[in-house]
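Below: one structure, written as C-alpha cells.
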Amino acid sequence: MPDIMTENMLKIAVDVGSSENRTLDCTDFGQKNKLVNSNDYIRVSEETNYQREIKYEKLPFSEKLHLKITKLHEDGKECTNEVANRIINELKQQSFLIGAATKFDRSGKSEKMLSQQFKHQQFPYYLNVIAGITMVMNERGVTTAQIKLKTLFPPNELTPNNAPETEEIAKGVLCGTYKVKNLLTGQTFEFSIVDEDYEVLEEMKMALARLLSTEAIKLDDDDDVDAEQMEEIINENTLLFIDIGNSTTNVSIFEDGKYQPKSNETFTQLNGNVLLQYVGNSIKQAFTTLPEINTKDAIKALETGKMKIGRGKKDVTEAVQQAITKFSSELYNKIRTDYFTNKGIASYNIAYLLVSGGGSVAPENVDNTARELHRLFQNEETFDEEGIGLLIVDIDKGNEENPEESVRDLNVNGAGDFFDLEYIEEAELEPQG
208 MPDIMTENML KIAVDVGSSE NRTLDCTDFG QKNKLVNSND YIRVSEETNY QREIKYEKLP
268 FSEKLHLKIT KLHEDGKECT NEVANRIINE LKQQSFLIGA ATKFDRSGKS EKMLSQQFKH
328 QQFPYYLNVI AGITMVMNER GVTTAQIKLK TLFPPNELTP NNAPETEEIA KGVLCGTYKV
388 KNLLTGQTFE FSIVDEDYEV LEEMKMALAR LLSTEAIKLD DDDDVDAEQM EEIINENTLL
448 FIDIGNSTTN VSIFEDGKYQ PKSNETFTQL NGNVLLQYVG NSIKQAFTTL PEINTKDAIK
508 ALETGKMKIG RGKKDVTEAV QQAITKFSSE LYNKIRTDYF TNKGIASYNI AYLLVSGGGS
568 VAPENVDNTA RELHRLFQNE ETFDEEGIGL LIVDIDKGNE ENPEESVRDL NVNGAGDFFD
628 LEYIEEAELE PQG
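For the sequence shown, my numbering gives the first residue as 208, with consecutive numbering after it.
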C-alpha cells in the first residue's frame with residue numbers, strides 16, 4: 208500500500224451506534240474535540256448535483272455529508288474474510304447521503320430520506336467511521352492524513368465466541384487507503400489506516416475506565432467514599448453494569464474489577480428510544496389536547512422535566528417519572544428472567560449496580576432508571592438486609608457545559624483517555640537527551 212505523503216497523524220476514536228455516532232478527535236494530548244453525526248438516515252444515492260439544490264448552506268459540515276467513498280488500496284495484505292469482503296464490495300465506488308442531510312429541494316418539494324436496507328447489518332458502522340474521520344479532517348483543515356483509530360463495539364459483538372471475527376472484519380473493512388469526496392462541497396479527503404494503528408475496543412470497559420479515571424462514581428448512600436476506596440469497592444466485589452443507549456441496552460458483569468466477556472448481553476427491544484417513546488406517551492396521556500410528542504421534545508422532557516408549549520413551559524416531571532418507572536420495571540424483568548438465566552449468573556453474588564448512558568438521565572427530583580432498578584433489586588428476598596449497593600454516575604454540573612451529554616460520552620471519552628496514556632508511555636520510552 209503506498210503511503211499518503213503527509214505529516215498529519217490524526218488520532219481518532221469512534222463510538223458507533225445505530226442512531227448516531229460520536230467521533231472524538233484525540234490528536235492533541237489532553238484535548239478532545241467531539242463531533243456527532245446522525246445515523247438515522249443513510250442511503251445509497253445517485254450522484255446528483257446536490258450542491259446546487261441544497262437549501263441548508265448554514266448547516267455545519269457534519270450535517271450535510273454526501274460522500275462518495277473509494278477504497279484505493281488494502282493495507283498490504285489481502286482480506287480473506289467473506290463477510291468483510293461483502294461489506295467492502297458494498298462500500299466501493301458508491302456515494303451516500305448520511306446524517307442530517309435528509310432534506311433537499313427538488314422542484315420546490317422537500318424530500319425526507321428513508322433509511323437504507325443494507326446487505327450487512329454492520330455496514331452503517333463502517334460507513335460512519337469513515338464519515339467521522341472525514342469530519343475531523345474537515346475541522347482541522349487537512350485533506351490528507353494517516354489515522355490512528357480506535358472504534359468501540361457493543362459487548363454482544365465482542366464475546367469470547369465472536370470477538371476474533373468481529374476484529375477481523377473491522378480491520379479487513381477499515382484498514383487501507385481511502386479517497387472520500389463530499390459531493391455537496393466538492394472537497395476531497397485522502398487518508399490511510401494500517402493494521403498496527405487500529406484497535407477494536409469494548410465500550411463497557413471504556414465507560415468504567417473513564418468513570419474511575421475521572422472519579423465520577425459515587426456510592427449513593429455514602430458521600431465520604433474517596434477515589435481509592437471506590438477502586439477497592441470495584442476490585443473486591445461483583446458489579447452489574449448497565450448502559451442504556453439509544454438503540455441498545457448493554458449489560459455486563461465485572462468480578463473483582465475484571466471484565467467478564469461471557470456475561471455480555473445486548474437488548475434491542477428495551478433501549479433509550481423505547482424510554483423516549485414512553486415519555487412521549489405519558490405526556491400525551493397527561494395533556495390529552497397535545498398531538499404526538501416528537502423525539503426532540505421527549506429528550507428535553509427527560510433531561511429537564513419541562514416541555515415548551517407556545518411561549519410557556521409545562522412541568523411534566525410526573526409524566527416523566529411514570530415513564531421511567533414503567534421502563535425500569537420492564538428492564539428489570541428482562542434482566543431477571545432472561546439475562547441471569549441465559550448467562551447462568553448467580554444474582555445473589557452481585558454487590559453493586561451501576562447504570563450509565565443516555566437512558567440514565569432524569570430531571571431533578573425524578574428517580575432515574577438507576578434508582579428505579581436499584582429499588583426493584585432491593586425488594587428481592589434473595590439479598591440480606593444490606594442488599595445491593597448503588598453506584599451513581601456523578602458528573603459535576605458546575606464543570607460541565609452539558610452534563611446530560613457527558614453521561615452519553617463515557618464510552619468514547621474512555622477510548623480517548625487510552626490515547627493519552629499511550630502518549631505518556633511513548634514519551635517515557637523516548638531516550639533522554
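Positions of the beta carbon are idealized from the N, C-alpha and C atoms, including for glycine.
Every value quoted in this text rests on a predicted model; they were computed, and no experiment measured them.
Query: Endpoints, the alpha helix (DSSP H) within which D450 is located; Result: Not the alpha helix (DSSP H): D450 falls in the beta strand (DSSP E), residues T445 to I451.
Query: Beta-carbon contacts of Q258 that lie in its chain and below 6 Å, excluding the five residues immediately before and after; Result: Because Q258 sits at a pLDDT of 48, beneath the cut-off of 50, its placement in the model cannot be relied upon, and the point is left open.
Query: Contacting residues, own chain, Cβ-Cβ under 6 Å from N240 (five flanking each side not counted); Result: D232
Query: G383 in three-state terms, based on DSSP; Result: strand
Query: Contacting residues, own chain, Cβ-Cβ under 6 Å from N501 (five flanking each side not counted); Result: none
Query: Cβ neighbours of T366 in the same chain (closer than 8 Å, five flanking residues each side left out); Result: P468, K469 and N471
Query: At least three beta-carbon pairs within less than 8 Å, the segment 417-424 to the segment 373-389; Result: no
Query: At least three beta-carbon pairs within less than 8 Å, the segment 526-539 to the segment 383-402; Result: no
Query: Inter-residue Cα distance where the pair is M344 and T496; Result: 47 Å
Query: Nearest to G464 (by Cα), restricted to the options V336, L446 and E289; Result: L446
Query: Proximity of L408 and K357 at Cβ, strictly below 9 Å; Result: yes
Query: Per-residue DSSP class, three states only, for L365; Result: coil
Query: Member of Y559, T576 and A558 whose CA lies at the smallest distance from the CA of G565; Result: T576
Query: Reduced DSSP secondary structure (H/G/I, E/B, other) of E318; Result: A caution first: E318 carries a pLDDT of 43, below 50, which makes its placement in the model unreliable, though a value can still be read off. Three-state result, E318: strand.
Query: Cα-Cα separation, E410 to Q394; Result: 32 Å
Query: Sequence-distant residues of the same chain with beta carbon closer than 6 Å to F626, five excluded per side; Result: K218 and C233
Query: F396 classed as buried or exposed, judged by whether at least 16 other C-beta atoms fall within 10 angstroms; Result: buried
Query: Three-way DSSP call (helix, strand, coil) for S567 in this model; Result: helix
Query: Nearest to L304 (by Cα), restricted to the options L272, F330 and I276; Result: L272
Query: Neighbourhood of V562 by C-beta, 6 Å cutoff - its chain only, sequence neighbours within 5 removed; Result: I449, T576 and A577
Query: Distance, E364 Cα to E525 Cα; Result: 37 Å
Query: Coil, strand or helix - E607 by DSSP; Result: In this prediction, E607 scores a pLDDT of 45, lower than 50, which makes its location untrustworthy; the coordinate-derived value is nonetheless stated afterwards. In this structure, E607 counts as coil in the three-state DSSP scheme.
Query: Cβ shell of L477 (< 8 Å), same chain only, five flanking positions each side left out; Result: T456, F534, E537, L538 and K541
Query: Nearest-angstrom beta carbon gap, L274 and A338 [assumed within contact, 8 Å]; Result: 6 Å
Query: Identity of the residues DSSP links to Y546 by a beta bridge; Result: Note: Y546 sits in no beta bridge, so no partner.
Query: Close beta carbons around V619, own chain, < 6 Å, minus the five adjacent residues each side; Result: A220, D222, R229 and L231
Query: Under 9 Å between C-beta atoms of A505 and Q484; Result: yes
Query: Bounding residues of the beta strand (DSSP E) (the contiguous stretch that carries N471); Result: K465 to F474
Query: Cβ-heavy atom distance, A423 to the ligand FAD, below 8 Å; Result: In terms of ligand content, the structure shown is empty, and the ligand FAD therefore cannot be addressed.
Query: Candidates N369, E579, D616 and K355, of which the one nearest E403 by Cα; Result: K355
Query: Cβ-based burial, E579 [other Cβ within 10 Å; buried from 16]; Result: buried
Query: Backbone secondary structure at F494 - three-state DSSP; Result: coil
Query: For I552, the three-state DSSP class (helix, strand or coil); Result: coil
Query: Cβ-based burial, M413 [other Cβ within 10 Å; buried from 16]; Result: buried
Query: Chain-order list of residues whose beta-carbon lies under 7 Å from that of E443 (same chain, five-residue window excluded); Result: D463
Query: Strand pairing of R229, partner residues [DSSP]; Result: D222 and V243
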